[in-house]
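Here is the structure:
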């Protein structure tokens with residue numbers, strides 16, 4: 002007989018599964034979460050707006066900087082657009098028409114002169130009319146543009162002029178500075194006010210003269226004679242301006258007009274000095290030249306760096322003044 006108790010003992014017991022319960026939220030907690038979310042969204046919106054404004058401000062500043070830079074560049078370009086050769090031609094042409102003047106007892110070319118000047122000026126040309134005596138002649142001997150000063154209203158163009166004035170039999174010559182107030186636009190020039198004259202301001206300065214060397218050295222008598230012979234030959238070719246022959250005697254030929262001859266080379270004027278090279282000998286010499294046509298003579302100073310060759314010398318460096326500085 003089956004033992005019912007034993008069967009019950011081994012019979013598995015089923016575990017009961019608990020049903021999950023939905024978590025309940027109170028109305029207060031829900032409102033709090035919605036408020037936090039809205040606040041976060043508002044903060045992010047404000048940050049985004051600030052970043053957008055900052056970027057817009059940076060773009061505006063960048064555009065302003067570019068505009069300013071472009072304006073500055075345009076101004077510089079406008080300054081650089083001044084064609085100085087053309088300006089010089091315009092100014093010198095005006096000065097020639099303005100200065101050259103002739104009036105005799107039988108002829109007065111004032112109206113003809115004013116008609117010519119009217120092409121240059123942008124004001125009443127009668128302001129350039131001059132009251133001069135009879136038998137008057139004024140001639141422009143030389144003119145050169147020496148300065149251009151930019152002011153707010155115009156360009157102040159300065160020219161150095163030499164003028165010869167003749168009244169009857171009396172002749173006078175003077176050099177002075179004439180200043181032309183000129184406006185430039187699109188490569189065209191106009192005189193906008195009457196010209197005026199200034200005294201010539203010579204840019205004189207004080208400095209030390211380039212004198213012959215004080216650090217002289219002695220060389221052998223035989224070398225002195227050989228060098229003096231070479232110098233006599235070289236300066237003969239130098240004065241004649243013979244480039245082909247100078248190429249055989251110096252590294253960088255200096256070509257003269259060929260209108261002079263050597264008058265004297267005083268041996269006592271030759272001074273020798275040490276150089277940075279063991280193969281080169283430095284020397285300074287004064288040479289007197291004479292013009293072939295006028296027979297007028299003058300002196301020039303020279304510094305040479307020479308090296309000895311098989312049967313003569315060769316000039317490695319040559320300068321038309323006294324110095325000991327190589328290069």
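Numbering (this note's numbering), first residue to last: 2 to 328. The beta-carbon is built from N, C-alpha and C at its ideal position, and this holds for glycine as well. Since the structure is predicted, the reported quantities are computational estimates derived from the model, not experimental observations.
| Check | Outcome |
| --- | --- |
| Run through DSSP, which three-state label would residue 94 get? | helix |
| To the nearest angstrom, how far is the alpha carbon of residue 177 from that of residue 89? | 17 Å |
| Run the CB neighbour count on residue 128, radius 10 Å, all protein chains shown included, and call it buried at 16 or more, exposed below. | exposed |
| Which residues share a DSSP beta bridge with residue 283? | 274 and 306 |
| DSSP three-state label for residue 128, please. | helix |
| Between which residues of its own chain and residue 103 is the CB-CB distance below 7 Å, once the five residues before and five after are set aside? | 110 and 138 |
| Could you pull out every unbroken beta strand (DSSP E) segment of at least 3 residues lying fully inside the segment 149–185, listed in chain order? | 156–168 |
| Put residue 236 into one of helix, strand or coil per three-state DSSP. | helix |
| Between the segment 285–294 and the segment 266–276, do at least 3 Cβ pairs fall closer than 8 Å? | yes |
| I'd like to check one pair, residue 145 with residue 156: are the Cβ atoms closer than 7 Å? | no |
| Would you check if the segment 306–323 and the segment 244–260 touch, i.e. whether three or more CB-CB distances between them fall below 8 Å? | yes |
| Count the other CB atoms, across all protein chains shown, that sit within 10 Å of the CB of residue 282; report buried if there are 16 or more and exposed otherwise. | buried |
| Can the beta-carbon of residue 192 be found closer than 7 Å to that of residue 183? | yes |
| Have a look at residue 274 and residue 200 and give me their C-alpha separation to the nearest angstrom. | 45 Å |
| Thinking just about the alpha-carbon of each residue, which of 153, 240, 302 and 187 is nearest to the one in residue 212? | 302 |
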